[in-house]
Amino acid sequence: MWEVFTVGGTPFEGMSFGDYINELRRGLIHPKPEFASSKIYDTVMVPCWKYKPEERPSFSDLRERLDGLLLEASVDSGDSITPLEDVTSFRP
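The number in our numbering is simply the position in the sequence shown, starting from 1, with 116 added.
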């Protein structure tokens, strides 16, 4: 998601893989991208950077969180959306 909200940015650019792993162990996370809302950053992106895999959300959890954020945004804007669970294919 970080790459999407930075419009193709490279995460941890210039950092070696070993340094990256060490920083993750110490709790390093990217700052919120300019184009990401605080809600998507806090509820979707940050939890995915947990060092221990068992502390990260599952794909089902992420889908529910994204559905909730989409629903909230559609209510705020008056638009209607298709829940992610109803989307079976992204291909025409």
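No residue lacks a Cβ here, since even glycine has one placed at the ideal position from N, Cα and C.
The beta carbon of residue 125 sits closer than 8 Å to the beta carbons of 118, 119, 149 from its chain, once the five residues preceding and following it are set aside; these are given in chain order. Contact check for residue 160 and residue 181: beta-carbon distance about 5 Å, within the 8 Å limit, so the pair qualifies.
In the same chain as residue 139, and ignoring 5 residues on each side of it, the C-beta atoms closer than 8 Å to its own belong to 128, 131, in chain order. Excluding residues up to 5 positions away in sequence, 148 lie with their Cβ nearer than 7 Å to the Cβ of residue 157 in the same chain. Your pair residue 151 and residue 121 checks out as a contact, with CB atoms roughly 5 Å apart and the cut at 8 Å.
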